[in-house]
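Working notes, structure below.
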Amino acid sequence: MSENVLSPERPAEEPLAGEIAVDPATGRPAGRAQALVLLLSSCLAVLGAVLLAPVLPRIQDAFAGTPGVEALAPIVLTAPALVIGLTAMIAGRIVDRVGRKRLLVGALVVYAFVGTAPLWLPSLELIVASRVLLGLTEAAIMTCCTTLLADYFHGSQRERYFGLQVVFTTVAATVFFGIGGALGAADWRTPFWLYAVSLPLAVAAAKLIWQPAPRVQAAARAEKLPALPWRRLAAPLGVSLVGGLVFYVLIVQLSFKLDDIGVESTAVIGAASAIASVGTAVGGILFARLAKRGPAVLVPLAFGLSGIGIIGLGLSSAVPAVIAFAVVTGFGNGLILPSLLTWALGSLSFEQRGRGTGIWTSAFFIGQFFCPLVVLALTGALGGLGTALALLGAVSLVAAAGVRLARPTAVAAAH
Numbered sequence: 002m003s004e005n006v007l008s009p010e011r012p013a014e015e016p017l018a019g020e021i022a023v024d025p026a027t028g029r030p031a032g033r034a035q036a037l038v039l040l041l042s043s044c045l046a047v048l049g050a051v052l053l054a055p056v057l058p059r060i061q062d063a064f065a066g067t068p069g070v071e072a073l074a075p076i077v078l079t080a081p082a083l084v085i086g087l088t089a090m091i092a093g094r095i096v097d098r099v100g101r102k103r104l105l106v107g108a109l110v111v112y113a114f115v116g117t118a119p120l121w122l123p124s125l126e127l128i129v130a131s132r133v134l135l136g137l138t139e140a141a142i143m144t145c146c147t148t149l150l151a152d153y154f155h156g157s158q159r160e161r162y163f164g165l166q167v168v169f170t171t172v173a174a175t176v177f178f179g180i181g182g183a184l185g186a187a188d189w190r191t192p193f194w195l196y197a198v199s200l201p202l203a204v205a206a207a208k209l210i211w212q213p214a215p216r217v218q219a220a221a222r223a224e225k226l227p228a229l230p231w232r233r234l235a236a237p238l239g240v241s242l243v244g245g246l247v248f249y250v251l252i253v254q255l256s257f258k259l260d261d262i263g264v265e266s267t268a269v270i271g272a273a274s275a276i277a278s279v280g281t282a283v284g285g286i287l288f289a290r291l292a293k294r295g296p297a298v299l300v301p302l303a304f305g306l307s308g309i310g311i312i313g314l315g316l317s318s319a320v321p322a323v324i325a326f327a328v329v330t331g332f333g334n335g336l337i338l339p340s341l342l343t344w345a346l347g348s349l350s351f352e353q354r355g356r357g358t359g360i361w362t363s364a365f366f367i368g369q370f371f372c373p374l375v376v377l378a379l380t381g382a383l384g385g386l387g388t389a390l391a392l393l394g395a396v397s398l399v400a401a402a403g404v405r406l407a408r409p410t411a412v413a414a415a416h
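Numbering (this note's numbering), first residue to last: 2 to 416.
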């Protein structure tokens with residue numbers, strides 16, 4: 002596949018298929034530096050979800066006198082995911098209207114301030130409010146990063162970086178979980194300092210990221226944005242909603258499953274989570290090699306592997322079996338996100354890509370938010386966590402079969 006940059010004679014608006022976008026000001030092609038900033042920034046949404054998990058009981062104890070603390074404390078953890086789900090589509094429209102770079106840099110700066118705010122906020126209600134604001138910045142950051150990866154890279158390179166986005170966020174989740182526990186050992190507020198990591202990323206983005214296709218972007222601001230192809234997007238968005246739920250089962254429920262079979266050692270639980278994350282990373286790395294098979298193969302494969310793994314998790318009663326099925330689930334998860342993302346964004350033009358990314362992000366994160374609620378409801382209705390997980394695994398297999406029967410085709414990207 003050719004990786005030639007645009008020639009000086011051709012306007013640097015949209016690269017043709019197989020080409021790398023270039024900085025319209027300097028003529029430099031997008032490369033590893035731009036990709037690294039975007040991949041690292043993508044990890045910030047994971048930071049919001051997992052960093053505080055180890056200190057959640059301490060937060061609840063610290064505000065034991067607050068009315069409704071049993072409900073408010075978990076919202077500290079889950080509020081950002083819900084806000085991302087509700088507002089990413091709005092962020093996507095802003096991305097297409099005002100530009101990618103401006104929104105990304107601004108969101109990274111605000112992220113640091115609202116993320117560290119709980120260090121000095123005196124009440125749980127104010128902390129929850131700060132987490133809602135954090136979710137708004139995360140929606141903007143995730144939408145900008147994914148949109149820019151799709152803008153800068155095309156063909157096999159785009160697929161490679163979508164896969165690496167899963168790898169980076171998976172490794173970050175494992176690292177942040179450990180850091181959150183270590184920092185929270187002395188004081189539950191200490192982990193919030195880590196949100197300041199977005200400031201150096203804002204500086205890097207301001208220096209290294211550039212706004213692609215300025216002429217097309219100016220036209221998009223001046224004229225009505227082209228309508229999204231809702232008929233083509235309906236299927237990948239619907240499946241992505243289920244995908245978010247399936248993806249989050251392993252992250253949220255593995256520790257509960259181990260506890261359910263009698264494992265009390267935090268070291269064993271941590272090791273199991275780390276091993277499962279290796280499976281997810283491997284799936285993300287292999288995605289680029291498998292991507293040419295298209296969504297009709299990859300999406301069912303991803304859901305099928307995750308479904309088998311989740312059913313195994315639910316039915317297993319021994320630690321080695323739980324870990325083995327966790328790895329299978331992780332491998333499927335590593336394929337789910339980039340497969341769905343490529344399927345959804347593959348046919349969108351530059352002017353549509355920000356909104357398409359935002360709507361896809363909303364669908365995926367809404368699925369993530371509802372995951373623990375669905376598991377909790379099923380556990381109560383079916384009488385146990387294992388049965389609830391087995392049923393969710395079956396839902397994943399049904400999704401795999403449905404997509405396979407529909408045989409979606411990969412539409413050439415409208416670069």
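The beta-carbon is built from N, C-alpha and C at its ideal position, and this holds for glycine as well. A quick note: this is a predicted structure, and the numbers were derived from the prediction, not measured.
R356 classed as buried or exposed, judged by whether at least 16 other C-beta atoms fall within 10 angstroms:
buried
State the beta-bridge partners of P30 as determined by DSSP.
V23
What's the gap between the Cα of F366 and the Cα of G86?
5 Å
Three-state secondary structure (DSSP) at I262?
Reduced to three states, the DSSP call for I262 is coil.
Which residues mark the beginning and the end of the alpha helix (DSSP H) in which S157 is found?
157 to 184
What residue from E352, L109, S241, A282 has the CA that sits closest to P301's CA?
The alpha carbon of P301 has as its nearest neighbour, out of E352, L109, S241, A282, the alpha carbon of S241.
Look at A277 and V320 and say whether their C-beta atoms are less than 8 Å apart.
With respect to the 8 Å criterion, A277 and V320 are not classified as neighbours on the basis of their beta carbons.
Looking at the structure shown, is E4 part of a helix, part of a strand, or coil, going by DSSP?
Confidence at E4 is low in this model, with a pLDDT of 34, below 50, so its placement is unreliable and the value that follows should be read with caution. Of the three classes helix, strand and coil, the one that applies to E4 here is coil, per DSSP.
Does L104 pass the burial test, meaning 16 or more other C-beta atoms within 10 Å, or should it be called exposed?
buried
Considering only their Cβ atoms, is the gap separating T170 from A275 smaller than 8 Å?
no
Leaving out five residues before and five after F326 in sequence, what residues of the same chain have Cβ atoms less than 7 Å from its Cβ?
Shown here for F326: same chain residues with a beta carbon closer than 7 Å to its own, the five before and five after excluded, namely G310, G313, L314, S317 in chain order.
Where the alpha helix (DSSP H) containing T88 begins and where it ends:
70 to 99
Over the uninterrupted alpha helix (DSSP H) stretch that includes P301, give me the two end residues.
296 to 316
Indicate the three-state DSSP secondary structure (helix, strand or coil) for R408 in the structure shown.
coil
Apply the 10 Å Cβ neighbour rule to E352 and answer buried if 16 or more other Cβ atoms are within range, or exposed otherwise.
buried
At which residues does the alpha helix (DSSP H) containing D62 begin and terminate?
57 to 63
Is the number of C-beta pairs between the region 384 to 397 and the region 276 to 296 that are closer than 8 Å three or more?
Too few Cβ pairs lie closer than 8 Å, so no.
Distance, Cα to Cα, L229 vs D188?
Counting only the Cα atoms, D188 lies some 48 Å from L229.
For F114, which of helix, strand or coil comes out of DSSP?
Helix at F114.
On the criterion of 16 or more Cβ atoms from any shown chain inside 10 Å, does V269 qualify as buried, or is it exposed?
exposed
Assumed close pair F248, V404 - CB separation to whole angstroms, cut-off 8 Å
That belief does not hold up - the Cβ atoms of F248 and V404 are roughly 15 Å apart, past 8 Å.
Just checking my contact of V129 with I76 at CB under 8 Å: how many whole Å lie between their CB atoms?
6 Å
Closest Cα partner of A74 within the set S43, L83, D62, I262
D62
Rounded separation between S199 and T117 - CA only
Here the C-alpha atom of S199 lies approximately 11 Å from the C-alpha atom of T117.
Three-state secondary structure (DSSP) at A219?
Note on A219: pLDDT 44, under 50, position unreliable in the model; no value is reported.
Would you mind stating whether S42 and I142 have Cβ atoms separated by less than 8 Å?
yes
Following the continuous alpha helix (DSSP H) through Y153, name the residue where it begins and the one where it ends.
125 to 153
The alpha helix (DSSP H) that contains G66, what's its start and end?
Here G66 belongs to no alpha helix (DSSP H), and DSSP marks it neither H nor E.
Report yes if the C-beta distance between L202 and L109 is below 8 Å; otherwise report no.
Against a cut-off of 8 Å, the Cβ pair of L109 and L202 comes out as a contact.
Simplified DSSP assignment, three categories, for L195
helix
Neighbourhood of E139 by C-beta distance below 6 Å, restricted to the same chain and skipping five residues each side:
A46, G49, P81, I85
Continuous alpha helix (DSSP H) stretch holding C372: start and end:
351 to 383
Less than 8 Å between C-beta atoms, sequence neighbours within five positions excluded: which residues of the same chain meet that for W231?
In its own chain, leaving out the 5 sequence neighbours on each side, no residue places its CB closer than 8 Å to the CB of W231.
Closest Cα partner of R294 within the set V250, G335, G308, S340
S340
DSSP-derived helix/strand/coil call for W231
helix
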